[in-house]
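Q:
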Amino acid sequence: MIPKPPDSYMLRNIRDVELPEVFSWFPQTIGWKIVFTLIALYAAYRIYRYAKHWWHNRYRQEAIDALLSLTPDDANWPYQMVKIVKAVIVYLDKGNAALYGVKLLAQMDYLSTDSSSEKHSSAGTQTVFQHDDICLQWLACVENSKLEKPNFDRLRSGLVVWLKTHQVKPEGEHE
Numbered sequence: 000m001i002p003k004p005p006d007s008y009m010l011r012n013i014r015d016v017e018l019p020e021v022f023s024w025f026p027q028t029i030g031w032k033i034v035f036t037l038i039a040l041y042a043a044y045r046i047y048r049y050a051k052h053w054w055h056n057r058y059r060q061e062a063i064d065a066l067l068s069l070t071p072d073d074a075n076w077p078y079q080m081v082k083i084v085k086a087v088i089v090y091l092d093k094g095n096a097a098l099y100g101v102k103l104l105a106q107m108d109y110l111s112t113d114s115s116s117e118k119h120s121s122a123g124t125q126t127v128f129q130h131d132d133i134c135l136q137w138l139a140c141v142e143n144s145k146l147e148k149p150n151f152d153r154l155r156s157g158l159v160v161w162l163k164t165h166q167v168k169p170e171g172e173h174e
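If you're matching positions, the sequence shown starts at 0 in numbering that gives the first Met the number 0 and goes up one per residue.
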């Protein structure tokens, strides 16, 4: 059926508005296609690197969340902290499963980014765990629960700093 023009004299002279010609937003020249392809490849590479970095470091955030969930009111908090640190150390290298006590602290020192005795300004804790009195008191408290517990906040903040800053040694560099 063919549409009829309107019968009303007011509508007879109305003309349709012509739509402009549709044009492509995609560039016509090959140079722009190459530039967009390179940008897309670079973005995909950066996303891949970020995902790989996140995947290899996700244990850090899980351990930090576990440490931050501990409270000083819990009677077993020193033992729970040792379990968290031990899980991280064993995750990094299965050969560390037998480490305990001062040897565990020595391994933490070995993995620290800075093995000197410089203090971190943000946490006020030393990176040298093996010679820190709080850490030694912490391990003694784990073995004998009747001993006085160390400063919870200082120990937890020191462990969080270590979790954020320790370096994973390449496979060939392990002792």
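In this text, a Cβ means the ideal position worked out from N, Cα and C, and glycines have one as well.
Could I get the ranges of all uninterrupted alpha helix (DSSP H) runs contained in the region 45 to 120, with 4 residues as the minimum, in chain order?
A: Runs of the alpha helix (DSSP H) inside the region 45 to 120: 76 to 91, 101 to 110.
Q: If contacts are defined as beta-carbon pairs under 8 Å, then L66 and I88 qualify, I think. What distance do you get, rounded to the angstrom?
A: Not quite, the Cβ-Cβ distance comes to about 14 Å (not below 8 Å), so this is no contact.
Q: Report the three-state DSSP secondary structure of R155 (helix, strand or coil).
A: Helix, per DSSP.
Q: Just how far apart, CA to CA, sit T70 and C134?
A: So the alpha carbons of these two residues sit roughly 17 Å apart.
Q: Mind reading off the beta-carbon distance from A163 to R59? Whole number of angstroms is fine, and I expect it under 8 Å.
A: It is worth fixing the name first, because residue 163 is Lys in this sequence and not Ala. The pair is a contact, with the Cβ atoms about 7 Å apart (cut-off 8 Å).
Q: If we ignore side chains and look at the alpha-carbon of each, how far apart do A50 and D15 end up?
A: Looking at the two C-alpha atoms, the distance is approximately 54 Å.
Q: Put Q27 into one of helix, strand or coil per three-state DSSP.
A: Here Q27 sits in coil by DSSP.
Q: Could you tell me the distance, in whole angstroms, from the CA atom of K93 to the CA atom of V141?
A: Near 22 Å, if we compare the C-alpha coordinates of V141 and K93.
Q: L110 and H165 - do their beta-carbons sit closer together than 9 Å?
A: For H165 and L110, yes; Cβs fall inside 9 Å.
Q: Between the alpha carbons of V81 and F35, how many angstroms are there, rounded?
A: The straight-line gap from Cα to Cα measures roughly 51 Å.
Q: Taking the straight line between their C-alpha atoms, what separation do you get for Q79 and A86?
A: Q79 and A86: Cα-Cα distance of roughly 11 Å.
Q: Short of 6 Å in beta carbon distance, which residues of its chain neighbour H119, apart from the five on each side in sequence? Order them along the chain.
A: Because H119 sits at a pLDDT of 45, beneath the cut-off of 50, its placement in the model cannot be relied upon, and the following sentence gives the value as read from the coordinates. V160.
Q: In chain order, what residues of the same chain have a beta carbon less than 7 Å from the beta carbon of Y90, not counting five sequence neighbours either side?
A: So the list reads Y58, once near-sequence residues are dropped.
Q: Which of the three DSSP states, helix, strand or coil, is assigned to V141?
A: DSSP places V141 in helix when its eight states are reduced to three.
Q: What three-state label does DSSP hand L135 in the structure shown?
A: Residue state, collapsed to three classes: helix.
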